[in-house]
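**Student:**
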Amino acid sequence: MKIVFLSTFALDANVSIVNALKKKCDVYFFTEALYEIYNFLNKDQLNKTISEGTEVNELQLFRDLLALEKTYVVKGTRNANIFKKLYNSYRVHQYIKKINPDFIIIDNYMLTYFLSTLAYRKKMLMIVHDPFLHSGEDFVIDSFLRKIHFKLIKNKILLNESQRNDFIEYYKECAQNVSSSFLSVYDYLTCFKIRETVQTDNFNILFFGRISPYKGIKYLLDAFLKILAESNYENLTLTIAGSGDFDFDINEYKKYPRIKIINTYISPGNLAQLISESSVVVCPYTDATQSGVIMSAYAFKKPVIATDVGGLPEMVEHNKTGLIIKPRSSEAIYQAILELHNDKELIERMAENIENIYFSGEKSWDASAALFIDALQKIERQSE
Numbered sequence: 004m005k006i007v008f009l010s011t012f013a014l015d016a017n018v019s020i021v022n023a024l025k026k027k028c029d030v031y032f033f034t035e036a037l038y039e040i041y042n043f044l045n046k047d048q049l050n051k052t053i054s055e056g057t058e059v060n061e062l063q064l065f066r067d068l069l070a071l072e073k074t075y076v077v078k079g080t081r082n083a084n085i086f087k088k089l090y091n092s093y094r095v096h097q098y099i100k101k102i103n104p105d106f107i108i109i110d111n112y113m114l115t116y117f118l119s120t121l122a123y124r125k126k127m128l129m130i131v132h133d134p135f136l137h138s139g140e141d142f143v144i145d146s147f148l149r150k151i152h153f154k155l156i157k158n159k160i161l162l163n164e165s166q167r168n169d170f171i172e173y174y175k176e177c178a179q180n181v182s183s184s185f186l187s188v189y190d191y192l193t194c195f196k197i198r199e200t201v202q203t204d205n206f207n208i209l210f211f212g213r214i215s216p217y218k219g220i221k222y223l224l225d226a227f228l229k230i231l232a233e234s235n236y237e238n239l240t241l242t243i244a245g246s247g248d249f250d251f252d253i254n255e256y257k258k259y260p261r262i263k264i265i266n267t268y269i270s271p272g273n274l275a276q277l278i279s280e281s282s283v284v285v286c287p288y289t290d291a292t293q294s295g296v297i298m299s300a301y302a303f304k305k306p307v308i309a310t311d312v313g314g315l316p317e318m319v320e321h322n323k324t325g326l327i328i329k330p331r332s333s334e335a336i337y338q339a340i341l342e343l344h345n346d347k348e349l350i351e352r353m354a355e356n357i358e359n360i361y362f363s364g365e366k367s368w369d370a371s372a373a374l375f376i377d378a379l380q381k382i383e384r385q386s387e
C-alpha cells in the first residue's frame with residue numbers, strides 16, 4: 004500500500020504516525036514550513052519551493068522516525084498570497100502524480116494541497132484534529148476552508164472516539180465514513196538531548212502550549228495562589244510556558260517568585276527540557292478535543308491532571324495515568340495537585356502505567372496506525 008501523507012505539522016503526532024505506518028506501508032510525507040510555531044521548521048533556511056527531507060537541517064535529528072528521502076518540505080506562503088499559494092499547490096500536485104499513491108492522508112484544509120484534494124478526494128482520508136472548533140478560535144477563513152474540505156473529502160478519521168457520534172450528528176456525516184483512532188506519545192521529543200539537573204525535592208507543576216482562552220490557565224493560577232497561601236508546600240513551583248495573549252491580567256501573578264511565566268514560543272528542545280524537569284503536567288481546559296500536550300507529557304512518563312472535557316478522559320485514565328477533574332474549578336485543580344504531591348508512590352505507579360499502556364500496549368502508535376489502515380481499507384472497499 005502506497006500512502007502520501009499531507010501535513011502542516013512536521014513533528015508532533017505526525018512523525019510518529021508516519022513512523023508506525025511505514026512499518027506496514029510505503030509512506031511519503033509532505034509538510035509545509037510556514038509558521039515555525041506550527042512545525043518548528045524555519046522556511047527562510049529553505050532554498051527551493053520543495054526540498055527533500057535529507058536537505059532540511061531540522062529534520063536530521065529524526066531520521067530514525069522519518070524516511071527523509073521520502074519526506075518533502077514545502078516553502079510555505081500565506082493564504083493572502085493566493086497566486087503563490089496555488090503555484091505551490093501545483094508543484095506539490097506534480098510530485099504526488101509521480102508517486103501515484105493508493106491513498107492520501109491529509110491533516111489540514113490548507114490551500115497548499117488544494118489541487119491534490121480536488122484530484123484525489125475519493126482516495127483521501129482526512130484527519131479531523133478538532134471535531135468542533137475551540138471557543139474563541141472560530142476564524143472566518145479557517146471555517147470557510149474547513150467547510151469546503153469537509154464537503155470534498157468523504158472519509159474522515161477522528162483522534163478520539165468519544166466525540167465521534169456528536170461529530171456525525173452535527174455535520175450530518177455518514178457513520179460508515181467516519182473512523183476513529185487515537186494519539187500516542189510524542190516520541191519525537193525524546194530525540195532532543197536533555198541537560199542533567201541537580202536532583203532536589205522541588206515539585207514543579209507545568210502548563211505548556213499555546214495561550215488561548217479555552218485553556219483555562221487562570222483557574223490553574225488561582226489554584227496555585229491558594230497553595231502559596233499555605234506554609235506546608237514551599238517546595239511547589241508553577242511554570243506557565245507558551246506563546247499567545249492572555250485573556251486576563253497576568254501581571255498580578257508575576258510578582259510571585261514561585262510562579263514562572265514564559266510567554267514566548269517554546270522550541271521542541273526547550274519543551275523537552277521543561278517536561279523532563281516537571282513533576283506533573285496540568286491541562287485545565289474549559290473545552291477540548293484531544294491533546295498533544297498530554298502525549299508530550301507521556302513521552303517523559305509524567306502524569307497529567309486534566310479536566311473532564313472532550314476526549315481528555317480517553318487519554319488520561321483517572322488514578323492510573325493521571326487525574327480527571329471537573330472543569331472551571333480552581334478548587335478541583337488545587338486538590339488534585341496536592342493529592343499527587345502528597346503521594347510519591349502514586350506518581351511512580353502512574354509513570355509505570357504510562358509506559359505499559361502507551362509505549363508497547365493497547366495505546367501504542369502501532370495500535371493507532373492499525374486503525375488508520377482499517378480506515379483506508381474501508382475506502383478501498385467503497386471503490387469496488
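When the letters of the sequence shown are read in order and numbered with our numbering, they come out as residues 4 to 387.
All residues carry an ideal CB built from backbone N, CA and C; glycine is no exception.
Here the structure is a predicted model, which is why all the values come from computation and not from measurement.
Pull up the distance between the alpha-carbon of D290 and that of A370, whole angstroms please.
**Tutor:** Cα to Cα, the separation comes out at about 27 Å.
**Student:** Residues in the same chain with beta-carbon distance under 6 Å from K258, minus the five sequence neighbours each way, listed in chain order, please.
**Tutor:** Excluding sequence neighbours, K258 sits near nothing in its chain.
**Student:** Applying the criterion that 16 or more other CB atoms from any shown protein chain within 10 Å of the CB defines a buried residue, is E233 buried or exposed?
**Tutor:** E233 comes out exposed.
**Student:** Using the C-alpha atoms, what's the distance from A83 back to D67?
**Tutor:** Using only the alpha carbons, I get a separation of about 36 Å.
**Student:** Would H321 be called buried (16 or more neighbouring beta carbons within 10 Å of its own) or exposed?
**Tutor:** That one is exposed.
**Student:** Would the stretch 276-286 and the stretch 195-209 be scored as touching if the rule is three or more Cβ pairs under 8 Å?
**Tutor:** The stretch 276-286 is in contact with the stretch 195-209.
**Student:** Is Y1 helix, strand or coil by DSSP?
**Tutor:** Residue 1 cannot be examined here, being either before or after the span of the chain that is shown, 4 to 387.
**Student:** Quick check: the Cα distance between L148 and K154, rounded to an integer number of angstroms?
**Tutor:** Each residue's Cα considered, the two are about 10 Å apart.
**Student:** S54 to Y75, Cα distance in whole Å?
**Tutor:** Their backbone Cα atoms lie some 6 Å apart in a straight line.
**Student:** Assign N254 to one of two classes, buried (16 or more other C-beta atoms within 10 Å of its C-beta) or exposed (fewer than that).
**Tutor:** Result: exposed.
**Student:** If I measure Cβ to Cβ from T80 and keep anything under 6 Å in the same chain, skipping five residues before and after, which residues do I get?
**Tutor:** Result list for T80: K87, K88, in chain order.
**Student:** One question on the structure: do I99 and S119 come within less than 7 Å of each other, judged by their Cβ atoms?
**Tutor:** For I99 and S119, yes; Cβs fall inside 7 Å.
**Student:** Using DSSP with H/G/I as helix, E/B as strand and the rest coil, what is Y156?
**Tutor:** For clarity, residue 156 is Ile in the given sequence; the question names Tyr instead. Here I156 sits in coil by DSSP.
**Student:** With distances taken from CA atoms, which of K126, R167, I107, I102 is nearest H132?
**Tutor:** For the residues K126, R167, I107, I102, the minimum Cα distance to H132 belongs to R167.
**Student:** Relative to the C-alpha of S19, which residue among G364, Y191, F43, Q63 is closest?
**Tutor:** For S19, the nearest C-alpha among the options comes from Y191.
**Student:** Identify, in the order they occur along the chain, each residue of the same chain with its Cβ nearer than 8 Å to the Cβ of I269, setting aside the five sequence neighbours on each side.
**Tutor:** Same-chain partners within the cutoff: F211, A244, G245, S246, L277.
**Student:** Within this structure, are the beta carbons of K304 and E358 separated by less than 7 Å?
**Tutor:** Yes. Within cutoff.
**Student:** Take I308 as the anchor and find which of I328, K175, Q293 has the nearest alpha-carbon.
**Tutor:** Among I328, K175, Q293, the Cα nearest to that of I308 belongs to I328.
**Student:** Thinking F8 and F33 are a contact (beta carbons under 8 Å), I'd like their distance in whole angstroms, please.
**Tutor:** 7 Å between Cβ atoms; contact.
**Student:** Is Y337 closer than 7 Å to K229 when the C-beta atoms are compared?
**Tutor:** A contact, by the Cβ cut-off of 7 Å.
**Student:** Please list the segments of the alpha helix (DSSP H) lying wholly inside the stretch 25-57, counting only runs of 4 or more residues, in order along the chain.
**Tutor:** Entirely contained in the stretch 25-57, the alpha helix (DSSP H) runs reaching 4 residues are, in chain order, 39-42.
**Student:** Out of K221, N266, Y236, N235, point me to the one whose CA is closest to D250's CA.
**Tutor:** That would be K221, whose Cα lies nearest to the Cα of D250.
**Student:** Using DSSP with H/G/I as helix, E/B as strand and the rest coil, what is T115?
**Tutor:** Residue state, collapsed to three classes: helix.
**Student:** What's the C-alpha gap between F106 and E351?
**Tutor:** Those two C-alpha atoms are separated by around 42 Å.
**Student:** Report the rounded CA-to-CA distance for E172 versus Y256, giving the unit in angstroms.
**Tutor:** For E172 and Y256, the distance between alpha carbons rounds to 42 Å.
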